[in-house]
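What follows is a short report on a single structure.
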Amino acid sequence: MKIHTFDTPKETARAVTHQLLKQLDTVRKDAFNLAISGGHTSELLFHLWAEIYPQSLPWQRVHLYWVDERCVPPTDGDSNYGLAKRTFLNHVKIPHDQIHRILGEANPDHEAQRYSDLVKKNLPDNDGFPQFDLLILGIGTDGHTSSIFPGQKDLLNYPTPYAVSAHPETHQYRIALTGQPMIRASMTLFHIVGAEKAEILTNVVDPSPAADQYPAGYVTRNADNVAYFIDKAAAKYLK
Ligand SMILES: O=C1O[C@H](COP(=O)(O)O)[C@@H](O)[C@H](O)[C@H]1O
Numbered sequence: 001m002k003i004h005t006f007d008t009p010k011e012t013a014r015a016v017t018h019q020l021l022k023q024l025d026t027v028r029k030d031a032f033n034l035a036i037s038g039g040h041t042s043e044l045l046f047h048l049w050a051e052i053y054p055q056s057l058p059w060q061r062v063h064l065y066w067v068d069e070r071c072v073p074p075t076d077g078d079s080n081y082g083l084a085k086r087t088f089l090n091h092v093k094i095p096h097d098q099i100h101r102i103l104g105e106a107n108p109d110h111e112a113q114r115y116s117d118l119v120k121k122n123l124p125d126n127d128g129f130p131q132f133d134l135l136i137l138g139i140g141t142d143g144h145t146s147s148i149f150p151g152q153k154d155l156l157n158y159p160t161p162y163a164v165s166a167h168p169e170t171h172q173y174r175i176a177l178t179g180q181p182m183i184r185a186s187m188t189l190f191h192i193v194g195a196e197k198a199e200i201l202t203n204v205v206d207p208s209p210a211a212d213q214y215p216a217g218y219v220t221r222n223a224d225n226v227a228y229f230i231d232k233a234a235a236k237y238l239k
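According to the numbering used here, the sequence shown holds residues 1 to 239 in order.
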């Protein structure tokens, strides 16, 4: 595992984008399967993509998927697709038929199955699971990643690539990329900024099995190729 630390959230988002460019260069095939997250950290990245990178990234090669979605319509402020649409999708030239949103407004069980089938059909297989070229993941202050929360261990070893989860406090249904495709991606990248993530960060990068109680810790310990891109505020308790 590599941890890359930058001075500011903006520099961190730039470095994540440089890593995306590097992966695009490494993966020699035309179609590049990228899955993005939602939340505040992604919002910074998406604004940067819209402002700085609308032309300088080969967006035509990107086949875009989501790591997770809240079960709400795209017009709802909670929608992860809605966030991407508002912030960068109107500014970059990803062909329409390469944008694969999770239908948050659909029946959650049916949608988890439909989306699982879609990624299994479109992506190469890695040991029985679809393999993304790059996953950009976030972490919650509780150690969740994707929409897998502490206590939802079954979703880390689930037979389908996507499954229905529920937020432990609000009980909002989510559709979440499950653990096995997260650890089998060509690159699993955690993008984390802000002092409020500093404490949980020390727990999820702990190399001991204690980290497995946090979904992000389990993914970190088990992923084939994992890297952290963080700002110095988030890094403040790391040794
Ligand atoms: O609920 C979610 O939270 C995580 C972390 O979001 P952030 O606001 O703390 O950056 C995010 O990765 C995930 O996609 C989202 O649904």
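The C-beta atom is built at its ideal place from N, Cα and C for all residues, glycine as well.
In chain order, the residues with a C-beta atom nearer than 5 Å to some heavy atom of ligand 1 are Ser37, Gly38, Gly39, His40, Thr41, Asp68, Gly138 and Gly140. DSSP, reduced to helix, strand and coil, places Ala13 within a helical segment of the structure shown. Taking C-beta atoms as the reference points, Thr145 and Ile136 fail to come closer than 7 Å. Within the same chain, Tyr65 come within 6 Å of His100 by CB-CB distance, once the 5 residues on both sides are set aside. Taking a C-beta distance under 7 Å as the contact criterion, His91 and Phe229 do not qualify as a contact pair. If you check the CB distance, Arg174 and Ser165 come in under 7 Å. By the criterion of a C-beta distance shorter than 6 Å, Phe132 is surrounded in its chain by Asn33, Ala35 and Ala185, once the five residues flanking it on both sides are discounted.
Ser165 has Arg174 as its beta-bridge partners, per DSSP. Annotated three-state conformation of Leu57 is coil, per DSSP. Across the structure, Lys120 and Arg28 are spaced so that their CA atoms are roughly 21 Å apart. Residue pairing from DSSP places Trp66 in a beta bridge opposite Ile36. Nearest in C-alpha terms to Val219, of all of Phe190, Thr75 and Asp97, is Phe190.
DSSP, reduced to helix, strand and coil, places Thr5 within a strand of the structure shown. Annotation: the continuous alpha helix (DSSP H) that includes His110 extends over Pro108 to Asn122.
Distance check between Glu43 and each of Val193, Ala210 and Asn222 places Val193 closest, using alpha-carbon atoms only.
Contact annotation: Leu177 and Val67 have beta-carbon atoms nearer than 7 Å. With the rule of 3 Cβ pairs closer than 8 Å, the segment 107 to 125 does not count as touching the segment 195 to 202. Per DSSP, the unbroken beta strand (DSSP E) holding Ala227 starts and ends at Val226 to Asp231.
Bridge pairing for Phe149: absent [DSSP]. The beta-bridge partner set that DSSP reports for Asp125 consists of Pro130.
Judged by DSSP in its simplified three-state form, His191 adopts strand.
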